[in-house]
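Data block below; observations after.
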Amino acid sequence: MPKQKTRYVCQSCGATALRWFGRCPGCGQWNTCAEESAQEETKRPLQFSAGPPAPITEVEMTTEERHRTEISEFDRVLGGGIVPGSIVLVGGDPGIGKSTLLLQVSGKLGSDGQKVLYVSGEESPRQTRMRAGRIGALTGNLFVLSETNLDVITSEAEKLSPSMVVIDSVQTVYSPELESAPGSISQVRECAGILMHLAKRTGIPVFLVGHVTKEGAIAGPKVLEHIVDTVLYLEGERHHSYRILRAAKNRFGSTNEIGVFEMEEEGMVGIENPSEVFLSERSGTESGSVVVCSIEGTRPILVEIQALVSPANFGYPQRVAAGIDNRRLSILIAVLEKRAGLTLGTQDVFIKVAGGVRIEEPSVDLGIATAISSSFRDAPVDPDTVVIGEVGLGGEIRPVGGIDKRVKEAAKLGFRRCIIAKGNLKGLRKPDEMETVAVKTVEEALREAL
Ligand SMILES: Nc1ncnc2c1ncn2[C@@H]1O[C@H](COP(=O)(O)OP(=O)(O)O)[C@@H](O)[C@H]1O
Ligand SMILES: [Mg+2]
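Numbered by the working numbering, the letters in the sequence shown go through residues 927 to 1376 in order.
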């Protein structure tokens, strides 16, 4: 019997099958099947030489020397700078600013006297030079290479022995040993594996740019995310100039830190005090607007939540949230109906976090609930008030962590009044000019806020 020449591979999770499939048997996604040659097996194992087992106390410890890039928002997200030998994936929508940010980082290292190899499979060296000129990254230490063959790239990297390698993007490079097209899951996996080897063997940190698919995941997501040390996402709304860099995985630091940038003519400019920027467009007099405080990593950040509640025109009312989880919105609406007597069943509810920020922290629950009620009753919330608290299913307000930091940040930006959970009151250190209102239930909170 002739040997099977082709196989079918899911481009999302890498599951393989001998027959074509419409829906992946591995991850259940539709239309992810692609035909690939059957010989596409990784020839190199992914491990690097380990040696015999050794007591952990005798493992050689190198003091972790990180390269600081002086782009403090970038260093913060990485956990304090670039770790030698690490492999970092930077994902994001097309045009969001991945190439710009990495070129800026490369330029900074270059002007610091370190060689950087910037490999672009998408843009010509001239295009890269033009951008470098615009963002102030022109330095003799920055080497550009327009190449997609990974064998050439690794050999050039070893010859040059730079302090950092950037591959823009991982979907354009290919290993000539495989037959499948660049960007296919076999290629992406193989290339990431080879680059991982390079990073671990030589200690050169490697940054991979990864495009995000329409569904919001990096193409070949699970496979890539498992291989690399750190996954960073650059996000933001197309029509806003703010960009947020967030770590989704980090073997060398916390994943909670975010870096906030503004996209400008001269590149990405770090924003040291994001609260001020996020609140800058607020008028504060309409109903449905509430300021909350979320802690992202170690930094408290004040943002505005906007709600719009209006009668539903046909049948099923809509619940639409931008910047927070839709399910959480549904829960909060149910709590408001049951515990505070708001009849939202016939109302459309829209929620938006201003500035295109995304918040996952539960401390903004009470702020969202307050915004919904404010819009529903068309009663504005006092513009000098910040609302902080988690809402339980029973309508109780739960205390949140880091309350001192949050209240202090609110005071710093000129707010005069905080609505917080009663459980947060004990031991609270607050600035004298700040008035705190402690509440136990959502009903009580709404009475105080509106
Ligand atoms: N001359 C310019 N001035 C300001 N912004 C620019 C200029 N040229 C391009 N941009 C911005 O840079 C962005 C492209 O960023 P880029 O780093 O190429 O994104 P990515 O690599 O994520 O696809 C575009 O969205 C565009 O808004
Ligand atoms: Mg790019």
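Cβ coordinates follow ideal geometry from the N, Cα and C atoms, glycine included. Keep in mind the model is a prediction, meaning the values are calculated, not measured.
Item: Three or more C-beta pairs under 8 Å: does that hold for the stretch 1034–1041 against the stretch 1065–1072?; Value: yes
Item: Tell me whether P1020 counts as near ligand 1, meaning its Cβ is closer than 7 Å to at least one heavy atom of that ligand.; Value: yes
Item: With a cut-off of 8 Å on the beta carbons, I'd call I1314 and V1229 a contact; round off their distance for me.; Value: At roughly 12 Å, the Cβ-Cβ gap does not stay under 8 Å, so I1314 and V1229 are not in contact.
Item: Less than 8 Å between the C-beta atoms of F1341 and T1311, yes or no?; Value: yes
Item: Among E1190, G1210, D1274, R1245, which residue has its Cα nearest to the Cα of N1239?; Value: D1274
Item: Give the C-beta separation of E1374 and I1345 to the nearest angstrom, bearing in mind that I take them to be a contact with Cβ-Cβ under 8 Å.; Value: 6 Å
Item: Under 7 Å from any heavy atom of ligand 2, does the C-beta of S1025 make it?; Value: yes
Item: Are at least three pairs of beta-carbons, each pair with one atom in the stretch 1084–1104 and one in the stretch 1038–1049, less than 8 Å apart?; Value: yes
Item: How would you write the range of the alpha helix (DSSP H) that C953 sits in, first residue to last?; Value: Element bounds for C953: n/a, residue is neither H nor E.
Item: Please classify P951 as buried or exposed, where buried requires at least 16 other C-beta atoms within 10 Å of its C-beta.; Value: exposed
Item: Does the stretch 1126–1139 touch the stretch 1013–1029, meaning 3 or more C-beta pairs lie closer than 8 Å?; Value: yes
Item: Assign S998 to buried or exposed, taking buried as 16 or more other Cβ atoms, counted over all protein chains shown, within 10 Å of its Cβ.; Value: exposed
Item: Nearest to V1290 by CA position, among E1222, V1235, K1264, E1263, is which residue?; Value: E1222
Item: Can you tell me whether L1319 is helix, strand or coil according to DSSP?; Value: coil
Item: Any idea what DSSP makes of N1199, helix, strand or coil?; Value: coil
Item: Taking only the alpha-carbon atoms, compute the straight-line gap between G948 and S1106 and give it to the nearest angstrom.; Value: 20 Å
Item: Measuring only from the beta carbon, is E1191 closer than 7 Å to any heavy atom that is part of ligand 1?; Value: yes
Item: Examine ligand 2 and report whether any of its heavy atoms sits within less than 7 Å of the Cβ of V1070.; Value: no
Item: Report buried or exposed for Q1244, applying the criterion of at least 16 other Cβ atoms within 10 angstroms of its Cβ.; Value: exposed
Item: Going by DSSP, which residues form a beta bridge with E1232?; Value: A quick correction: the sequence has Gln, not Glu, at residue 1232. DSSP, once it has assigned bridges, lists S1215, K1278 as partnering Q1232.
Item: Taking D1304 as the reference, give the member of P1237, A1247, V1279 with the closest Cα.; Value: P1237
Item: Do A1173 and E1183 count as a contact pair if the criterion is CB distance below 8 Å?; Value: yes
Item: Using 7 Å as the cut-off, classify the Cβ of E1161 as near or not near the heavy atoms of ligand 2, replying yes or no.; Value: no
Item: Return the chain-ordered ranges of every alpha helix (DSSP H) run that is complete within the stretch 1238–1286 and spans a minimum of 4 residues.; Value: 1252–1266
Item: Per the DSSP calculation, T932 is bridged to which residue(s)?; Value: S963
Item: Check for me: the beta strand (DSSP E) holding L1158 runs from which residue to which?; Value: 1156–1161
Item: Where do the N-terminal and C-terminal ends of the alpha helix (DSSP H) with L1027 fall, by residue?; Value: 1024–1037
Item: Relative to the C-alpha of K1334, which candidate in P1357, G1193, G1293 has its C-alpha closest?; Value: P1357
Item: For S1256, which of L1319, P979, M987, T1181 has the nearest alpha-carbon?; Value: L1319
Item: When the Cβ atoms of the stretch 1072–1087 are set against those of the stretch 1120–1128, are three or more pairs found closer than 8 Å?; Value: yes
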